[in-house]
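J.: Here it is, the structure in full.
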Amino acid sequence: MRTRIPATVTRYLLVGLIALSCLLPLAWMAIAGFKGKTEVLRTPFQFFPDMWILDNYAAILSDQAFLRAMGVTFIGALAFTALSLAVNSLAAYVFARLDFAGRRFFWIYCLAPMFIPGMAILLTSFVVVSQLGMLDTLWVLIIPGAASSLQMFFIRQFYLSVPVAMEEAALLDGANRWQIFLRIFLPQSQAPFVIVGVASYLVYWNAYVWPVLTISANQDLYQIMQVLRSFMAERSTEWGLLMAGSTIAALPTIILVLVFQRYIVNGIRIAGMK
Numbered sequence: 000m001r002t003r004i005p006a007t008v009t010r011y012l013l014v015g016l017i018a019l020s021c022l023l024p025l026a027w028m029a030i031a032g033f034k035g036k037t038e039v040l041r042t043p044f045q046f047f048p049d050m051w052i053l054d055n056y057a058a059i060l061s062d063q064a065f066l067r068a069m070g071v072t073f074i075g076a077l078a079f080t081a082l083s084l085a086v087n088s089l090a091a092y093v094f095a096r097l098d099f100a101g102r103r104f105f106w107i108y109c110l111a112p113m114f115i116p117g118m119a120i121l122l123t124s125f126v127v128v129s130q131l132g133m134l135d136t137l138w139v140l141i142i143p144g145a146a147s148s149l150q151m152f153f154i155r156q157f158y159l160s161v162p163v164a165m166e167e168a169a170l171l172d173g174a175n176r177w178q179i180f181l182r183i184f185l186p187q188s189q190a191p192f193v194i195v196g197v198a199s200y201l202v203y204w205n206a207y208v209w210p211v212l213t214i215s216a217n218q219d220l221y222q223i224m225q226v227l228r229s230f231m232a233e234r235s236t237e238w239g240l241l242m243a244g245s246t247i248a249a250l251p252t253i254i255l256v257l258v259f260q261r262y263i264v265n266g267i268r269i270a271g272m273k
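Taken in order, the sequence shown gives residues 0 to 273; the numbers are from numbering that gives the first Met the number 0.
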């Protein structure tokens, strides 16, 4: 018992230090939003402001461009997540359960993008969406990245663990492949769907290069990262305002992770066991 107490204390201290190192920058960003223009980068460093002010948060919440970008980005993120789950789960089921000519070749073909850096195909992707007339539309942010090799591979590995006997019994009862997917595989997909869904949402919400490249003329479709970057260019001295905007922009992601944290941990645990 004497040897277990120090190990337990050490473990909790280590976890506490890791959590503190992760939360400290976020806490400083939120607190910096309450500082004046000259306090954020003041030397020597001061964590808390001399006087707490609400001007930065009030200004950012009254900025119509910022609020519009938050709403448009949130709607786009939900649509992108739903489309990603639909496309990748259906493809994963096809490669996990259906036997057709060339399945191995097409599976390798679908996995190939995992090994190609996104920046390497950025120009060619821009040319494709430009030829399709998708520039300056919400579709250019949602459709091109919906199919993901990594997410497809992750869901397929989960579907491979579903007992084949359940599927064979459904086939004997007269169910078709679509009914089997909806009634057997889909209800069991909560764990991988949460992980894939949260990952898709974060990819869309944090995107910057692709929105800047494809959304330029239509300012109504500016994404939140574009607006925050414009703050840095137009209001470079107003660091408190930028910190307030960054804090508010991070809130949907933080809430999402807090709401689904139990499912995320459980999904990772189940995926590891599979």
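For each residue, glycine too, the CB sits at the ideal point set by N, CA and C.
(1) Counting only the same chain and skipping the five closest in sequence on each side, list residues whose C-beta sits under 7 Å from that of residue 93.
(2) As a quick exercise: from 119, 146, 142, pick the residue whose alpha carbon is nearest that of residue 108.
(3) Roughly how far, in whole angstroms, is the beta-carbon of residue 213 from the beta-carbon of residue 139, given that I think they are within contact range, below 8 Å?
(4) Give a yes or no on contact between the region 234-253 and the region 23-39, applying the rule of three or more CB pairs nearer than 8 Å.
(5) Work out the CA separation of residue 171 and residue 217 for me, nearest whole Å.
(6) Which of helix, strand or coil does DSSP assign to residue 176?
(7) Thinking just about the alpha-carbon of each residue, which of 158, 173, 128 is nearest to the one in residue 209?
(8) My guess is that residue 202 and residue 259 are in contact by the Cβ rule of under 8 Å, so how many angstroms apart are they, rounded?
(9) Once the 5 residues before and after residue 0 are set aside, which same chain residues still bring their CB inside 8 Å of it?
(10) How far does the alpha helix (DSSP H) with residue 158 in it extend, from its first residue to its last?
(11) Which ranges would you report for the alpha helix (DSSP H) in the region 92-141 if only whole runs of at least 4 residues count?
(12) Does DSSP put residue 40 in a helix, a strand or coil?
(13) Could you tell me the boundaries of the alpha helix (DSSP H) in which residue 189 lies?
(14) Leaving out five residues before and five after residue 306 in sequence, what residues of the same chain have Cβ atoms less than 6 Å from its Cβ?
(15) Cβ of residue 73 within 8 Å of Cβ of residue 199?
(16) What are the boundary residues of the alpha helix (DSSP H) that residue 211 is part of?
T.: Taking the coordinates as given:
(1) For this step, residue 93 is matched to residue 94 along the sequence shown. Hits under 7 Å: none found.
(2) Locating residue 108 in the sequence shown gives position 109, where the first residue counts as 1. Checking every option, the nearest Cα to that of residue 108 belongs to 146.
(3) Against the sequence shown, residue 213 aligns to sequence position 214. Against the sequence shown, residue 139 aligns to sequence position 140. Going by Cβ atoms, the distance from residue 213 to residue 139 rounds to 5 Å, so yes, they are a contact pair.
(4) yes
(5) For the purposes of this step, residue 217 is taken as the residue at position 218 of the sequence shown. For the purposes of this step, residue 171 is taken as the residue at position 172 of the sequence shown. Cα to Cα, the separation comes out at about 54 Å.
(6) Position 177 of the sequence shown holds residue 176. Three-state DSSP puts residue 176 in a helix.
(7) Indexing the sequence shown from 1 puts residue 209 at position 210. Of the candidates 158, 173, 128, the residue whose Cα lies closest to the Cα of residue 209 is 128.
(8) The count along the sequence shown starts at 1 and reaches residue 202 at position 203. The count along the sequence shown starts at 1 and reaches residue 259 at position 260. That pair is no contact at about 16 Å.
(9) Looking up residue 0 in the sequence shown gives position 1. The predicted model places residue 0 with a pLDDT of 45, which falls under 50 and marks its position as unreliable, so this point remains unresolved.
(10) In the sequence shown, counting from the first residue as 1, residue 158 sits at position 159. Residue 158 -> alpha helix (DSSP H) spans 148-158.
(11) Listed in chain order, the complete alpha helix (DSSP H) runs (minimum 4 residues) inside the region 92-141 are 102-110, 121-130, 138-141.
(12) Counting from 1 along the sequence shown, the entry for residue 40 is found at position 41. In this structure, residue 40 counts as coil in the three-state DSSP scheme.
(13) Here residue 189 is taken as the residue at index 190 of the sequence shown, counted from 1. That run of the alpha helix (DSSP H) goes 189-204.
(14) Here the chain comprises residues numbered 0 to 273, so residue 306 is not present and cannot be evaluated.
(15) Within the sequence shown, residue 73 is the residue found at index 74, counting from 1. Within the sequence shown, residue 199 is the residue found at index 200, counting from 1. Cβ distance not < 8 Å, so residue 73 and residue 199 don't count as in contact.
(16) Numbered from 1 along the sequence shown, position 212 holds the residue referred to as residue 211. Run containing residue 211: 208-213, per the alpha helix (DSSP H) assignment.
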